[in-house]
Amino acid sequence: MTWLRIAAVCVIYLCSVFAAGWVVQLCCDRILRQVDSPELRAWVEQGIPGGGRWIGWLERFLITTFVLLGEPSASAVVLAAKGILRFAEISGRPHEGQRVVAEYVILGTLLSFSLATGISAAGRILLGEL
29 MTWLRIAAVC VIYLCSVFAA GWVVQLCCDR ILRQVDSPEL RAWVEQGIPG GGRWIGWLER
89 FLITTFVLLG EPSASAVVLA AKGILRFAEI SGRPHEGQRV VAEYVILGTL LSFSLATGIS
149 AAGRILLGEL
(Lines of atoms letter the chains of each structure in order from A; the text may use other names.)
(Lines give C-alpha, C1' and ligand atoms only; values in the text may rest on other atoms or scores of the structure.)
Protein backbone atom coordinates (compact mmCIF):
# COMPACT_ATOMS: atom_id res chain seq x y z
CA MET A 29 0.00 0.00 0.00
CA THR A 30 1.48 3.33 -1.06
CA TRP A 31 1.61 6.46 1.06
CA LEU A 32 -0.94 8.06 -1.24
CA ARG A 33 -3.42 5.23 -0.63
CA ILE A 34 -2.81 5.38 3.13
CA ALA A 35 -3.43 9.14 3.09
CA ALA A 36 -6.59 8.61 1.01
CA VAL A 37 -7.92 6.02 3.48
CA CYS A 38 -7.26 8.43 6.37
CA VAL A 39 -9.12 11.22 4.56
CA ILE A 40 -12.03 8.86 3.83
CA TYR A 41 -12.29 7.94 7.52
CA LEU A 42 -12.03 11.59 8.63
CA CYS A 43 -14.76 12.65 6.22
CA SER A 44 -17.02 9.70 6.93
CA VAL A 45 -16.69 9.68 10.71
CA PHE A 46 -16.17 13.31 11.71
CA ALA A 47 -17.31 15.53 8.81
CA ALA A 48 -20.48 13.46 8.37
CA GLY A 49 -20.99 13.68 12.14
CA TRP A 50 -20.88 17.45 11.90
CA VAL A 51 -23.58 17.38 9.18
CA VAL A 52 -25.75 15.04 11.26
CA GLN A 53 -25.33 17.31 14.29
CA LEU A 54 -26.36 20.38 12.28
CA CYS A 55 -29.48 18.63 11.00
CA CYS A 56 -30.45 17.25 14.41
CA ASP A 57 -29.93 20.64 16.05
CA ARG A 58 -32.16 22.21 13.42
CA ILE A 59 -34.87 19.63 14.12
CA LEU A 60 -34.64 20.36 17.86
CA ARG A 61 -35.06 24.09 17.20
CA GLN A 62 -38.06 23.59 14.90
CA VAL A 63 -39.95 20.96 16.87
CA ASP A 64 -41.66 22.11 20.05
CA SER A 65 -41.67 18.83 21.93
CA PRO A 66 -40.78 18.62 25.62
CA GLU A 67 -40.59 14.83 25.25
CA LEU A 68 -37.94 15.10 22.54
CA ARG A 69 -35.86 17.61 24.48
CA ALA A 70 -36.08 15.48 27.63
CA TRP A 71 -35.10 12.36 25.69
CA VAL A 72 -32.07 14.10 24.13
CA GLU A 73 -30.93 15.50 27.50
CA GLN A 74 -31.36 12.28 29.51
CA GLY A 75 -28.53 10.36 27.81
CA ILE A 76 -24.84 10.36 28.63
CA PRO A 77 -23.39 13.76 27.69
CA GLY A 78 -21.80 13.31 24.26
CA GLY A 79 -23.01 9.70 24.10
CA GLY A 80 -24.87 10.18 20.83
CA ARG A 81 -21.78 11.70 19.25
CA TRP A 82 -19.62 8.74 20.29
CA ILE A 83 -22.22 6.24 19.09
CA GLY A 84 -22.39 8.06 15.74
CA TRP A 85 -18.61 8.08 15.37
CA LEU A 86 -18.39 4.36 16.08
CA GLU A 87 -21.35 3.59 13.82
CA ARG A 88 -19.84 5.51 10.88
CA PHE A 89 -16.37 4.02 11.55
CA LEU A 90 -17.80 0.49 11.31
CA ILE A 91 -19.85 1.28 8.20
CA THR A 92 -16.81 2.85 6.53
CA THR A 93 -14.68 -0.17 7.40
CA PHE A 94 -17.25 -2.59 5.97
CA VAL A 95 -17.66 -0.61 2.74
CA LEU A 96 -13.91 -0.17 2.22
CA LEU A 97 -13.40 -3.91 2.78
CA GLY A 98 -15.97 -4.61 0.07
CA GLU A 99 -18.60 -5.91 2.47
CA PRO A 100 -21.21 -3.13 2.56
CA SER A 101 -23.99 -5.55 3.46
CA ALA A 102 -22.25 -6.16 6.80
CA SER A 103 -23.14 -2.59 7.74
CA ALA A 104 -26.74 -3.78 8.03
CA VAL A 105 -25.65 -5.41 11.31
CA VAL A 106 -24.82 -1.95 12.67
CA LEU A 107 -28.19 -0.60 11.60
CA ALA A 108 -30.04 -3.63 13.00
CA ALA A 109 -28.22 -3.49 16.34
CA LYS A 110 -28.96 0.19 16.75
CA GLY A 111 -32.58 -0.37 15.78
CA ILE A 112 -33.04 -3.16 18.30
CA LEU A 113 -31.48 -1.16 21.12
CA ARG A 114 -33.37 2.03 20.30
CA PHE A 115 -36.68 0.21 19.80
CA ALA A 116 -36.75 -0.93 23.42
CA GLU A 117 -36.04 2.61 24.55
CA ILE A 118 -38.57 4.32 22.28
CA SER A 119 -41.38 1.77 22.53
CA GLY A 120 -41.87 2.53 26.22
CA ARG A 121 -43.43 5.89 25.35
CA PRO A 122 -47.18 5.29 24.90
CA HIS A 123 -48.10 8.91 24.08
CA GLU A 124 -47.77 11.38 21.20
CA GLY A 125 -44.19 12.26 22.19
CA GLN A 126 -43.19 8.74 21.15
CA ARG A 127 -43.71 9.53 17.48
CA VAL A 128 -41.60 12.69 17.64
CA VAL A 129 -38.74 10.88 19.39
CA ALA A 130 -38.96 7.93 16.98
CA GLU A 131 -38.87 10.20 13.93
CA TYR A 132 -35.91 12.13 15.36
CA VAL A 133 -33.97 8.89 15.93
CA ILE A 134 -34.85 7.52 12.49
CA LEU A 135 -33.87 10.74 10.71
CA GLY A 136 -30.54 10.98 12.53
CA THR A 137 -29.73 7.31 12.02
CA LEU A 138 -30.61 7.22 8.33
CA LEU A 139 -28.75 10.45 7.63
CA SER A 140 -25.66 9.14 9.43
CA PHE A 141 -25.89 5.76 7.69
CA SER A 142 -26.39 7.35 4.25
CA LEU A 143 -23.52 9.79 4.60
CA ALA A 144 -21.12 7.10 5.83
CA THR A 145 -22.12 4.73 3.04
CA GLY A 146 -21.92 7.39 0.33
CA ILE A 147 -18.57 8.79 1.43
CA SER A 148 -17.12 5.31 1.84
CA ALA A 149 -18.40 4.12 -1.55
CA ALA A 150 -16.95 7.22 -3.22
CA GLY A 151 -13.70 6.58 -1.36
CA ARG A 152 -13.63 2.97 -2.51
CA ILE A 153 -14.02 4.14 -6.11
CA LEU A 154 -11.23 6.68 -5.57
CA LEU A 155 -8.96 4.00 -4.09
CA GLY A 156 -9.54 1.88 -7.19
CA GLU A 157 -8.16 4.75 -9.26
CA LEU A 158 -5.00 5.22 -7.17
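The sequence shown stops at residue 158 when you use the numbering used here, and every number in between is there.
Note that CB positions come from ideal geometry on N, CA and C, so glycine has one too.
Keep in mind that this is a model prediction, so the values were computed, not measured.
Which of helix, strand or coil does DSSP assign to residue i?
{"i": "residue 57", "result": "helix"}
{"i": "residue 113", "result": "helix"}
{"i": "residue 30", "result": "coil"}
{"i": "residue 131", "result": "helix"}
{"i": "residue 99", "result": "coil"}
Shortest alpha-carbon distance to residue i belongs to which of the options?
{"i": "residue 83", "options": "63, 49, 93, 112", "result": "49"}
{"i": "residue 148", "options": "68, 139, 91", "result": "91"}
{"i": "residue 133", "options": "57, 36, 151, 155", "result": "57"}
{"i": "residue 98", "options": "81, 55, 155", "result": "155"}
{"i": "residue 105", "options": "141, 70, 72", "result": "141"}
{"i": "residue 54", "options": "135, 71, 40", "result": "135"}
{"i": "residue 109", "options": "95, 87, 157, 94", "result": "87"}
{"i": "residue 45", "options": "37, 79, 89", "result": "89"}
{"i": "residue 51", "options": "33, 31, 138, 153", "result": "138"}
{"i": "residue 42", "options": "143, 153, 157", "result": "143"}
Answer yes or no: the CB of residue i versus the heavy atoms of the ligand ZN, is any distance below 8 angstroms?
{"i": "residue 89", "result": "Within the structure as shown, the ligand ZN is missing, as the structure has no ligands at all."}
Problem - Completely contained alpha helix (DSSP H) runs for the segment 44 to 89, where each covers 4 or more residues - result: 48 to 62, 66 to 74
Handout entry: Stretch pair the segment 61 to 79 + the segment 126 to 133: three plus CB contacts closer than 8 angstroms
Key = yes
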